[in-house]
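Position 44 (the sequence shown) corresponds to 63 in my numbering; numbering is contiguous. Ideal placement from N, C-alpha and C gives every residue a C-beta, glycine not left out. Reading through the structure tokens given below for one structure.
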Amino acid sequence: MPTIRNTAGYDLEVSGAVYPSGEPVEVTDVQAAYLSTNPNFAVEPDGETERPKAGKKA
């Protein structure tokens, strides 16, 4: 699974999922394609190990 990082400097909520600031998060290929069009997210290089999943909004 691709890994993406929120580079905005604050937590972001996108489609009901919360992406913590600066934390790498594993996402699906579809989520990575969508989020990579947003300048607040950076796709991490492959080869990384376990990453936390995006949290659900309470």
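Contact belief for Ile23 with Val44 at Cβ below 8 Å, rounded distance in angstroms:
Counted from its first residue, the sequence shown places residue 23 at position 4. Counted from its first residue, the sequence shown places residue 44 at position 25. Contact flag correct, Cβ pair sits at about 6 Å.
Short of 7 Å in beta carbon distance, which residues of its chain neighbour Pro39, apart from the five on each side in sequence? Order them along the chain.
Indexing the sequence shown from 1 puts residue 39 at position 20. Once the five neighbours on either side are set aside, the close Cβ partners of Pro39 are Asn25 and Asp30.
Taking the straight line between their C-alpha atoms, what separation do you get for Ser55 and Pro64?
What you label residue 55 is simply residue 36 of the sequence shown in a count that begins at 1. What you label residue 64 is simply residue 45 of the sequence shown in a count that begins at 1. Computed Cα separation, rounded: 13 Å.
Pro58, buried or exposed, once every other Cβ within 10 Å from all chains shown has been counted against 16:
The residue given as residue 58 occupies position 39 in the sequence shown. Result: exposed.
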